[in-house]
Amino acid sequence: MERRRFLAAGAVGVGTAVFGGAASSGAGAEPGGAGAGGAGGFGPGGVGPEDVGQGGTDQNAVVRTGAEQLAGRGWRELAGRRVGVLTNPTGVLVDQTHVVDSMVAAGVSPVAVFGPEHGFRGTAQAGGSEGDYLDPRTNIPVYDAYGADATKLAGLLTKAGVEHVVFDIADIGARFYTYIWSMYTAMQAAARVGARFTVLDRPNPVGGEAHGPQLDPAYATGVGRKPIVQQHGMTVGELAGFFNAEFLPSDGGAVVDLRVVEVRGWRRSRLDTGLPWVPPSPNVPTRDTALVYPGTCLFEGLVFSEGRGTTRPFETIGAPGLDWRWAEDLNARGLPGVRFREAHFTPWFGKFANTACSGVALQVTDPGRFDAIRTAVEMIVVARSRYPAVFAWRPDNWIDKLSGSDRLRRMVGAGAGADEVVGAWSAELSTFRTRRRRHLRYR
């Protein structure tokens with residue numbers, strides 16, 4: 098994408114932002130649901146018991162995102178406001194029109210757009226962004242939000258005169274996927290400058306179940322800033338309410354004026370939404386990739402290839418020196434909802450670029466029974482046992498940042514089995530499920 102440079106602002110780290118939705122500043126939120134944030138505008142937000150919120154309907158209902166609802170009303174709720182949008186290529190309507198382009202066409206032109214990791218238009222690879230530029234299609238200034246802290250982002254909001262931040266990015270439900278932390282930073286920044294914050298909610302493509310270990314705050318980084326579990330099972334709208342109640346008050350003292358426009362027609366167990374799939378990042382090309390990613394991304398912390406540089410990243414795992422026995426050993430374990438195929442591949446970038454590798458390809462056969470994190474732990478444990486001469490962690494202990502502590506690395510290194518490893522985080526997982534309960538919006 099050809100772009101005209103206009104600023105020298107540093108990296109920030111956030112995705113789409115717009116406004117609207119149901120009031121949800123924390124503990125006082127009232128039960129709501131599909132009716133709360135739907136055609137009636139910005140009513141009270143839904144918070145319900147674990148997996149029994151108010152926003153779901155039957156499995157055949159038409160799913161309408163928060164963005165679709167506002168666009169259907171001509172974005173009139175945003176008219177006359179100085180809006181800044183935190184978004185990326187996933188912020189689209191069912192006809193594939195981007196929300197920013199839709200706003201402009203409706204005569205509601207944002208004063209600024211903020212791009213997360215990979216950028217507003219999505220041209221950057223992992224760990225990259227697009228910089229600051231003037232969007233050639235809309236003539237709107239785009240600010241690089243990847244990696245920015247709240248102070249820097251608050252300065253950009255002030256510079257652009259933003260009074261209402263709108264967030265519209267499709268997340269994929271993993272703690273180490275950076276968009277939710279971009280949202281957190283944007284919420285902090287909006288609170289500091291007194292801007293309203295609206296989340297246009299979207300379904301969680303891997304469902305509503307929570308799995309995995311909780312982050313130890315001592316291991317907080319850009320791929321995990323606050324103590325949530327590895328697969329949180331929440332929508333971005335639910336997470337925004339959770340963050341506002343659980344973390345913002347102790348992280349600067351101010352909560353944000355939050356609104357969430359809820360998804361209509363979605364249940365937590367519903368994976369087939371009928372919505373168009375837009376890759377949320379370059380290495381998550383398909384829905385199948387999203388299903389395995391919360392687990393197999395752990396292989397970024399090993400010397401194995403996690404499949405970057407292939408057509409099936411995170412679904413294809415391997416290294417030179419492995420063979421068919423890894424797949425045989427894993428299939429013999431009878432893990433629910435998944436089968437393993439012997440795989441041979443040559444990545445064209447990333448680990449082992451232009452080097453032949455062998456390993457496994459995952460096929461999720463039953464998403465409802467599949468546990469991505471348990472599966473990845475089984476893969477790691479079996480690989481260490483079967484290939485001791487090949488198995489190794491990355492020297493920088495990146496696995497600790499991904500898993501949220503050094504526990505996984507220490508336990509596997511000491512010879513623990515998968516049952517023991519998974520059992521070690523059962524108490525904190527249970528506590529997290531309880532903590533998140535009042536922030537859930539969908540059945």
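Under this note's numbering, the first residue of the sequence shown carries the number 98, and numbering increases by one thereafter.
Each residue gets a CB set at the ideal place from its N, CA and C atoms; glycine is no exception.
Since the model is a prediction, treat every value here as computed from it, not as a measurement.
Please go through the same chain and pick out, in chain order, the residues whose beta-carbon is closer than 8 Å to the beta-carbon of residue i, but skip the five residues on each side of it.
i: L526; result: A307, H308, G309, P310, Q311 and V326
i: E475; result: L427, R430, L432 and A515
i: V479; result: W423, D426, L427 and R430
With a CB to CB cut of under 7 Å and the five nearest residues on each side skipped, what residues in its chain are close to residue i?
i: P382; result: P376
i: R483; result: R422, W423 and D426
i: E397; result: E403, W495 and L499
i: A445; result: Reading off the sequence, residue 445 comes out as Trp, not Ala. For W445, where only same-chain residues beyond five positions count, the Cβ hits under 7 Å are G406 and N451.
i: A164; result: G188, L190, V196, D265 and L297
i: D369; result: none
Let me confirm a value: residue i is counted as buried when at least 16 other C-beta atoms fall within 10 Å, else exposed. Which label applies?
i: Q166; result: buried
i: N341; result: buried
i: G330; result: buried
i: R538; result: buried
i: L272; result: Here residue 272 turns out to be Arg, not Leu, going by the sequence shown. Buried, since its Cβ has 16 or more Cβ neighbours within 10 Å.
i: S378; result: buried
i: A524; result: exposed
i: T462; result: exposed
Excluding the five sequence neighbours on either side, which residues of its own chain have a C-beta within less than 6 Å of the C-beta of residue i, listed in chain order?
i: V518; result: V474 and M508
i: G216; result: S226 and E227
i: L345; result: V352
i: T162; result: R299 and V360
i: A469; result: V389, P391 and G392
Any beta-carbon of chain B closer than 8 Å to the one on residue i?
i: R361; result: The chain inventory of the structure shown lacks chain B, comprising one protein chain alone.
What's the C-alpha gap between residue i and residue j?
i: A521; j: R471; result: 12 Å
i: G501; j: P324; result: 8 Å
i: I496; j: T187; result: 28 Å
i: G338; j: T184; result: 19 Å
i: L388; j: P302; result: 8 Å
i: G512; j: I477; result: 11 Å
i: D503; j: A315; result: 10 Å
i: P213; j: S279; result: 7 Å
i: E412; j: Q460; result: 8 Å
i: R530; j: T235; result: 42 Å
i: A247; j: S455; result: 43 Å
i: A453; j: P417; result: 6 Å
i: Q285; j: G350; result: 9 Å
i: R364; j: V160; result: 9 Å
i: G334; j: T295; result: 9 Å
i: Y230; j: P238; result: 6 Å
i: T282; j: A486; result: 42 Å
i: H536; j: T332; result: 10 Å
i: H261; j: G181; result: 6 Å
i: G392; j: F467; result: 11 Å
Would you mind reading off the limits of the alpha helix (DSSP H) that contains residue i?
i: D385; result: R384 to T393
i: D426; result: R422 to A429
i: S455; result: Counting along the chain, S455 falls outside any alpha helix (DSSP H), though it belongs to the beta strand (DSSP E) covering C454 to V461.
i: A486; result: That residue, A486, is in no alpha helix (DSSP H); it is neither H nor E in DSSP.
Please list the terminal residues of the continuous beta strand (DSSP E) segment that includes residue i.
i: E439; result: V435 to F442
i: G510; result: No beta strand (DSSP E) holds G510; the alpha helix (DSSP H) holding it covers R504 to G510.
i: I237; result: Here I237 belongs to no beta strand (DSSP E), and DSSP marks it neither H nor E.
i: Q328; result: V326 to Q328
i: Q285; result: Q285 -> not in any beta strand (DSSP E); alpha helix (DSSP H) instead, spanning Y276 to V290.
i: D354; result: D354 to V358
i: Q311; result: H308 to Q311
Check whether the segment 209-216 touches the segment 250-259, taking contact to mean three or more Cβ pairs, one atom from each stretch, closer than 8 Å. yes
Counting pairs of beta carbons, one from the segment 283-299 and one from the segment 393-413, are three or more of them closer than 8 Å? By the Cβ test, the segment 283-299 is not in contact with the segment 393-413, since fewer than three Cβ pairs between them sit closer than 8 Å.
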